[in-house]
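Engineer: What follows is a structure written as structure tokens; I'll ask about it next.
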Amino acid sequence: MKNLLILLIIFIYSASQLRYYSQNKDDIGSISISVVTPKNSELLSFNQLSKLRNRVLKIASSNSLSSSGFNTNFVLYPIFEIYDEEVVEGMQNITIVEAELSLFIKQVDNNLIFATHTMTLEGSGRNKSDAITNIIGDIPTRNDKLKNFITEGKNEIINYYEKNCAKIESQAITAAKMKNYEQAFNIIMSVPSEVSCNNKLQKTAISIYKDYQNHICQTNMLKAKTKISSQDYDYALNILANIDPASNCYAEAKKKISEIEGKVSIEKKREWEFKMKQYDDAVSLQKERINAIKEIAVAYYSQEPPTHNYMYIIR
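According to our numbering, the sequence shown holds residues 57 to 371 in order.
This is how it looks when you write it as structure tokens:
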């Protein structure tokens, strides 16, 4: 007997609820998407949903696609359909289930599908639930078709950024003018390194970073002076050493450093001397600024993680 059961996942972009992703600055520059799956389902158990999510995550990672990143505009999501179920009677009945897994890479803002891949699956077990669990566990994570699917999606994502470089830069500059520096850095750092305008955008990020340093320098000087007054010289040096040479407060920071130089630990003093050498080298200074921007983008993204809601239609 055949039963037609279809789980249709409708993705809706939302500004509340789920928090899936931990971030680090190594994710920056990679082509990344959010892997999304439903929280619950009338068709799949919680454990089955968890297994499905893990398989999709493995498909992404096995094909050189980061499943975490700094842009919520691209998602990889599955639609799992059961379209046939049959019980084979014997000494111990066996349930055979035929299913279909469709994978989609989608741009959320424009509701555009960038790439799709569908695979037919079959599994058996002592009952329907066991059969479904076995199907999910046997979902392939690496083959030529999956590789082509991921490659197609990655190429479309790169094409999107290539076409929107000027728009992305404008959005970042506008955010910075409104003193939303962290958001500006997040916008720029979401652009993959493969995109041709990446170097230009990084120069824009550094320009914004210099303004950002001027914006926060007085606050940092006040923090450093407070630590000095409480004789926490190592902490004060850490604050002062991170004030950028382009900052309006840099001269004052160097003066304060000279006042406490003999009071800090040997280890902290070595760290400061190393940083000063980096500041004397233009290339090292640029790298230091980019690393600082990445750290700020990580912190901002952690506070504003991707969130998703789902509706279910069971037929």
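Where a beta carbon is used, it is the ideal one built from N, C-alpha and C, also for glycine. Since this is a predicted model, take the numbers as computed values, not measurements.
Exposed or buried, Q274, counting other C-beta atoms within 10 Å across all chains shown (16 or more means buried)?
Structural biologist: exposed
Engineer: Rounded to the nearest angstrom, what separates F160 and F170 at their Cα positions?
Structural biologist: 8 Å
Engineer: Can you give the Cα-Cα distance for Q148 and N183, rounded to whole angstroms?
Structural biologist: 10 Å
Engineer: What's the call for N347, buried or exposed, on a 16-neighbour Cβ count within 10 Å?
Structural biologist: exposed
Engineer: Y139 to M175, Cα distance in whole Å?
Structural biologist: 13 Å
Engineer: Distance, Cα to Cα, N236 vs I115?
Structural biologist: 36 Å
Engineer: If the criterion is Cβ atoms closer than 9 Å, does the pair I206 and F136 meet it?
Structural biologist: no
Engineer: Closest to V320 by CA distance: which of Q334, M332, Y335, L293 is it?
Structural biologist: L293
Engineer: Classify R326 as buried or exposed, calling it buried when 16 or more other Cβ atoms lie within 10 Å of its own Cβ.
Structural biologist: exposed
Engineer: What are the residues that DSSP puts in a beta bridge with I152?
Structural biologist: E142, S180
Engineer: Short of 7 Å in beta carbon distance, which residues of its chain neighbour S106, apart from the five on each side in sequence? Order them along the chain.
Structural biologist: Closer than 7 Å at the Cβ level, and outside the excluded window around S106, lies no residue.
Engineer: Kindly indicate which three-state DSSP category S72 falls into: helix, strand or coil?
Structural biologist: Confidence in S72 is poor, its pLDDT being 27 and thus under 50, which makes the residue's placement unreliable; the coordinate value appears in the next sentence. In the structure shown, S72 sits in coil (DSSP, three-state: anything other than H, G, I, E or B).
Engineer: Is L113 near K162, with beta carbons less than 9 Å apart?
Structural biologist: No, the Cβ-Cβ distance between L113 and K162 is not below 9 Å.
Engineer: Of the residues Q227, K233, I272, which one's Cα is nearest the Cα of L257?
Structural biologist: Q227
Engineer: Assign L168 to one of two classes, buried (16 or more other C-beta atoms within 10 Å of its C-beta) or exposed (fewer than that).
Structural biologist: exposed
Engineer: My understanding is that N304 touches N270, with C-beta atoms under 8 Å, so please give their C-beta distance in whole angstroms.
Structural biologist: Going by Cβ atoms, the distance from N304 to N270 rounds to 5 Å, so yes, they are a contact pair.
Engineer: Buried or exposed: which applies to R198, given that a residue is buried once 16 or more other Cβ atoms fall within 10 Å of its Cβ?
Structural biologist: exposed
Engineer: Is T260 near I284, with beta carbons less than 9 Å apart?
Structural biologist: no
Engineer: Determine whether the beta carbon atoms of S249 and I224 lie at a separation below 9 Å.
Structural biologist: no
Engineer: What does the alpha-carbon distance come out to for the pair D336 and F330?
Structural biologist: Roughly 10 Å separates the two Cα atoms.
Engineer: Going by the CB atoms, is the gap between Q104 and T230 shorter than 9 Å?
Structural biologist: no
Engineer: Is A171 helix, strand or coil by DSSP?
Structural biologist: strand
Engineer: For the alpha helix (DSSP H) containing G209, name the first residue and the last one.
Structural biologist: 200–219
Engineer: Which first and last residues belong to the alpha helix (DSSP H) in which C273 is found?
Structural biologist: Note, C273: alpha helix (DSSP H), 254–285.
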